[in-house]
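K.L.:
Numbering (the working numbering), first residue to last: 514 to 941. Glycine is no exception: its CB is placed at the ideal position from the N, C-alpha and C atoms.
1) Should residue 603 and residue 877 be called a contact, given that it needs their Cβ atoms to be closer than 8 Å?
2) So, helix, strand or coil for residue 910, using DSSP?
3) Reducing DSSP to helix, strand and coil, say where residue 832 ends up.
4) Whole alpha helix (DSSP H) runs in the region 760-821 with 4 or more residues, listed along the chain?
5) Using the C-alpha atoms, what's the distance from residue 746 back to residue 680?
6) Can you list, in chain order, the residues of its chain with a C-beta nearer than 6 Å to that of residue 916? Leave out the 5 residues immediately preceding and following it.
7) Measure the C-alpha to C-alpha separation of residue 816 and residue 800 and round it to an integer number of angstroms.
8) Using CA coordinates, which residue listed in 710, 857, 855, 821 is at the minimum distance from residue 584?
9) Looking only at its own chain, which residues have a Cβ that is under 6 Å from the Cβ of residue 521, when we skip the five neighbours before and after it?
10) Measuring only the C-alpha atoms, how far is residue 729 from residue 692?
11) Are the CB atoms of residue 902 and residue 641 nearer to each other than 8 Å?
12) Give me whichever residues DSSP pairs with residue 706 in a beta bridge.
13) Take residue 880 and list the residues in its own chain whose beta-carbon comes closer than 7 Å to its own, dropping the five residues that flank it on each side.
14) Three-state secondary structure (DSSP) at residue 536?
15) Taking 8 Å as the threshold (C-beta atoms), are residue 695 and residue 742 in contact?
16) In the DSSP assignment, find the unbroken alpha helix (DSSP H) run with residue 847 in it and report its ends.
17) May I have the straight-line CA-CA distance separating residue 656 from residue 650, to the nearest angstrom?
18) Just how far apart, CA to CA, sit residue 802 and residue 757?
19) Determine the burial state of residue 738: buried for a count of at least 16 other Cβ atoms within 10 Å of its Cβ, exposed for fewer.
20) Can you tell me where the beta strand (DSSP E) holding residue 629 begins and where it ends?
21) Indicate whether residue 595 and residue 868 have their beta-carbon atoms separated by less than 8 Å.
22) Report the CB separation of residue 684 from residue 929 in whole angstroms; it is logged as a contact under 8 Å.
23) Taking the alpha carbon of residue 674 as the point to measure from, which residue in 934, 921, 931, 939 has its own alpha carbon closest?
24) Around the C-beta of residue 772, are 16 or more other C-beta atoms found within 10 angstroms, so that it is buried, or is it exposed?
25) Considering only residues of the same chain and omitting the five flanking positions on each side of residue 936, which have a CB-CB separation below 6 Å?
26) For residue 849 and residue 600, what's the separation of their Cα atoms in angstroms?
27) Beta-carbon within less than 6 Å of residue 934's beta-carbon, same chain only, minus the 5 sequence neighbours each way: which residues are those?
28) Quick check: the Cα distance between residue 549 and residue 768, rounded to an integer number of angstroms?
29) Is residue 573 helix, strand or coil when you go by DSSP?
30) Does DSSP put residue 517 in a helix, in a strand, or in coil?
31) In the DSSP assignment, the alpha helix (DSSP H) including residue 725 goes from what residue to what residue?
32) Identify which residue in 733, 870, 853, 677 has its Cα closest to the Cα of residue 919.
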């Protein structure tokens with residue numbers, strides 16, 4: 514779909530953009546930047562050349578590019594996939610995955626083709642970022658809107674990754690040392706009620722500085738509903754912030770190592786699922802017709818994971834010459850689909866009765882036992898001594914918990930610098 518263009522080829526402007534006058538005729542030589550303005554062509558090329566000297570070199574191989582895209586697409590979403598399949602049944606997620614896989618990959622491919630029509634960029638030898646491409650085709654108004662949307666989306670992903678990584682980091686510290694500590698920025702007392710409706714104070718909730726065991730919250734979470742600067746958060750920041758100063762091509766070593774360790778975590782999880790050792794209480798239906806079964810959360814969950822097109826131009830700018838764009842895109846997205854199915858369907862089949870439904874925040878086991886705390890993803894399930902498989906073997910349990918505590922670091926913390934780098938490259 515992406516074919517080489519001569520460097521003199523230019524794109525056709527989009528009707529309705531500010532490059533057109535009120536009567537529909539194009540602005541050919543105005544103060545506005547437009548695709549038919551000679552001055553705008555030169556300006557875009559000059560800006561692209563200036564950007565090329567400020568950021569990374571074209572050194573990303575095909576393997577590294579595929580790894581970057583896979584890390585971007587999978588990220589924090591994989592551990593929650595079995596919950597989605599359990600809530601909706603397997604049919605709706607499979608259909609949505611196939612549809613979104615095709616649409617997003619084609620969209621990314623079309624975006625790179627539009628990128629190749631930018632001034633002097635027939636062979637991707639200029640540097641144009643996502644928002645710059647929007648500005649060229651649609652004008653200043655849509656450029657501002659794309660900046661707001663792109664930065665908001667990437668920062669949202671960063672926030673989610675930081676929070677999840679910090680929480681799991683605190684759980685790992687608690688598992689090793691018994692407790693983790695932090696500064697409570699909003700201290701006030703929290704309470705929980707027992708079965709007799711007697712209220713109990715939650716330790717640590719009213720203290721400015723407190724140490725709690727975040728891996729065991731049966732008596733309540735002292736940091737719940739609070740803003741806390743924890744040791745886990747500081748460790749996450751210490752790993753992510755320095756790497757954010759590197760260029761995208763410099764981050765490729767981290768991305769390759771992270772991908773290798775992430776695949777190792779997935780293999781451990783898959784083995785734990787298929788060797789759980791107990792017959793599931795019910796089969797995974799095509800459509801969950803139970804009282805809490807719904808497909809409401811399917812599309813949003815899948816689209817959240819496949820919003821990778823925003824990072825594609827930054828990858829194109831730093832990939833090696835000769836690296837095939839379409840082959841890289843389809844390889845990455847196809848592998849992601851296989852990962853989603855291999856983890857999501859077996860995980861939902863084995864643990865459908867205990868996993869928390871994303872929409873109703875309940876599970877089948879809770880219907881018969883109101884005190885049961887449904888794990889909200891595989892990470893929480895695999896660290897629960899009563900629910901996790903392999904609990905009869907201390908070595909296997911150690912391996913499983915290690916994969917859980919390692920996953921947020923290798924799958925989430927490592928992608929934060931890449932997002933920060935993309936955001937930095939969008940700035941004018």
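P.N.:
Taking the definition as stated:
1) no
2) helix
3) strand
4) 765-787, 811-818
5) 7 Å
6) 778, 781
7) 20 Å
8) 821
9) Low per-residue confidence applies at residue 521: pLDDT is 42, beneath 50, and the placement is therefore not dependable enough to give any value.
10) 10 Å
11) no
12) 712
13) none
14) With a pLDDT of only 44 at residue 536, under the threshold of 50, the placement of this residue in the model should not be trusted; the figure read from the coordinates follows. Three-state DSSP puts residue 536 in coil, outside helix and strand.
15) Contact flag set, yes.
16) That run of the alpha helix (DSSP H) goes 838-864.
17) 9 Å
18) 46 Å
19) exposed
20) Unbroken run through residue 629 is the alpha helix (DSSP H), 604-629; no beta strand (DSSP E).
21) yes
22) At roughly 19 Å, the Cβ-Cβ gap does not stay under 8 Å, so residue 684 and residue 929 are not in contact.
23) The option with the nearest alpha carbon to residue 674 is 921.
24) buried
25) Closer than 6 Å at Cβ, skipping near neighbours: 664, 667.
26) About 21 Å.
27) 761
28) Residue confidence is low: residue 549 scores 42 on pLDDT, short of 50, so the model does not pin down where it sits. Its coordinate-derived value is still stated next. When rounded, the distance between both Cα atoms is 40 Å.
29) strand
30) With a pLDDT of only 47 at residue 517, under the threshold of 50, the placement of this residue in the model should not be trusted, and no figure is reported.
31) First-last for residue 725: 722-725, but that is the beta strand (DSSP E), not the alpha helix (DSSP H).
32) The candidate whose alpha carbon is nearest that of residue 919 is 677.
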